[in-house]
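Here is the structure we will look at.
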Amino acid sequence: MATIPLTTRGAEKLKEELHRLKSVERHAVINAIAEARAQGDLSENAEYEAAKDKQGFIEGRILEIEGKLAAAQIIDPASVDAGGRIVFGTTVDLEEEASGAEVTYQIVGDDEADLKVGKISISSPIARALIGKEAGDVAEVMAPGGVKRYEVVEVRYV
C-alpha cells in the first residue's frame, strides 16, 4: 500500500473528523433510522431511505479516513531540513514573472489542499514544477492559458 503524505495539521483534521463521525454523526443517524422505523411501513418511508443513505455515507467516510490515517506518512514541515529546497510541507513565496503578482503557497497532501487558504496539492502541476527548486529559481507551469513562469522568492519550513 502506498503511503499518503500528510502534514501534522492535516492528520489532526482527519482525526477530528473521524472522531466527530464516530461519536456524533453515527449516533445521530442511528436515532434517525429508529425514528423512521417507528413510523411504520418502510417501503414508502422517505425518511428511512434518507437516513439509510446517510448512514452508508458516514460508514464509508469512516473507512476512508481510517485507511488514509493507516497509510499516512505524517510530516511536520517545521522539522524538515531540505537545505532551502522546496519539498512537501514547504511554504513558498512566488512572484509571477509576467504580472509581478506575488502568491504564497504551502505544498500539502491531496486531502488538505485548499487554494482559498494557499494550500496546494503535492500532485498539482504547480507543486510538481516547484519541487526541488530553491529561492531565486524559476519554475515553469503549464496552465490552461499557456506556460506561466514563477520566480521563487522565499522558501520556508513552518
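Residue numbers for the sequence shown follow full-length UniProt numbering, so the first one is 1 and each next one is one higher.
Ideal Cβ placement from N, Cα and C applies to all residues, glycine included.
Query, Result
"Beta-carbon contacts of Arg26 that lie in its chain and below 7 Å, excluding the five residues immediately before and after", "Ile58"
"Buried versus exposed call for Asp81 [16 or more other C-beta atoms within 10 Å across all chains shown]", "exposed"
"Strand pairing of Glu66, partner residues [DSSP]", "Answer is none; Glu66 lacks a bridge partner."
"Given Gly10 as reference, the closest of Val147, Leu63, Ala72 once Cα atoms are compared", "Ala72"
"Reference Lys54; option with closest CA among Ala32, Asp111, Tyr150", "Ala32"
"is_contact[Glu102, chain C] using C-beta, thresh 8 Å", "Absence of chain C from the displayed structure is noted, only one protein chain being present."
"Backbone CA spacing between Thr7 and Ser99 [nearest angstrom]", "31 Å"
"Close beta carbons around Phe88, own chain, < 7 Å, minus the five adjacent residues each side", "Pro5, Ile75, Ile107, Ile122"
"Contact under 8 Å by Cβ, Leu21 with Asp111", "no"
"Those runs of the alpha helix (DSSP H) which lie wholly inside the segment 75 to 112 and span at least 4 residues", "none"
"Bounding residues of the alpha helix (DSSP H) (the contiguous stretch that carries Pro125)", "125 to 130"
"Residues that DSSP places opposite Glu140 in a beta bridge", "Arg149"
"As assigned by DSSP and simplified to three states, the class of Leu115", "helix"
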